[in-house]
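Peer 1:
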Amino acid sequence: MDDVNQIQVPPSFLELFTAPGGYKLTETMAHVRERYELCEDLAQMLTEQAAARQFELGVTGQDVLQKMQLGLEAPGSPVQPAEAVWVIRRLAELLAW
Numbered sequence: 005m006d007d008v009n010q011i012q013v014p015p016s017f018l019e020l021f022t023a024p025g026g027y028k029l030t031e032t033m034a035h036v037r038e039r040y041e042l043c044e045d046l047a048q049m050l051t052e053q054a055a056a057r058q059f060e061l062g063v064t065g066q067d068v069l070q071k072m073q074l075g076l077e078a079p080g081s082p083v084q085p086a087e088a089v090w091v092i093r094r095l096a097e098l099l100a101w
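Straight run, no breaks: the sequence shown in my numbering ends on number 101.
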C-alpha cells in the first residue's frame, strides 16, 4: 500500500529518527509522522504562552525557551528529550527569537 499522507516532515525532524550514517529511519515513517504532528502542534500551542511569559516576567526570549525546555524534558513529558529540543527550536523559529 502506498503512503499517501500529505504531511511533509521537515529534514530537521527526520534527523531525530535517522540511523547513524543518515540513510535509514530507526522507526516507521508512520511513527515519525505521528511524532512530528505532536511536536509541531506543541510548538504552535506554546507560542502564546511563551510570548506572554516573556512579557509578564520581563526576561529574554532565550530565558523563556530554556525554562520551557526544562519542562519538556521533565519526567512525564509527552515528548522525548531530542524531540523537546526540536520543539524549542521550532518555537524560537515561530516567535522569531
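Backbone N, C-alpha and C fix where the C-beta goes; we use that ideal spot for every residue, glycine too.
1) Leaving aside the five residues before and after Ser16 along the sequence, list all residues of the same chain whose C-beta is less than 8 Å from its C-beta, in chain order.
2) Among the candidates Ala96, Met33 and Leu76, whose CA atom is the shortest distance from the CA of Gln58?
3) Comparing alpha-carbon positions, which option in Leu46, His35, Lys71 and Thr64 lies nearest Ala100?
4) Run through the DSSP bridge pairs and tell me what Leu29 is partnered with.
5) Within a Cβ cutoff of 6 Å, which residues of the same chain sit near Ala167, ignoring the five residues on either side of it in sequence?
6) What first and last residue would you give for the alpha helix (DSSP H) that runs through Gly75?
Peer 2: Answer, in terms of the structure:
1) Result list for Ser16: Trp90 and Arg93, in chain order.
2) Comparing Cα positions, the closest option is Ala96.
3) Nearest C-alpha to Ala100 among Leu46, His35, Lys71 and Thr64: Thr64.
4) Leu29 is bridged by DSSP to Thr22.
5) Given that the chain is displayed from residue 5 to residue 101, the structure contains no residue 167 and the question cannot be resolved.
6) Taken as a continuous stretch (DSSP letters only), the alpha helix (DSSP H) holding Gly75 covers Gly65 to Leu76.
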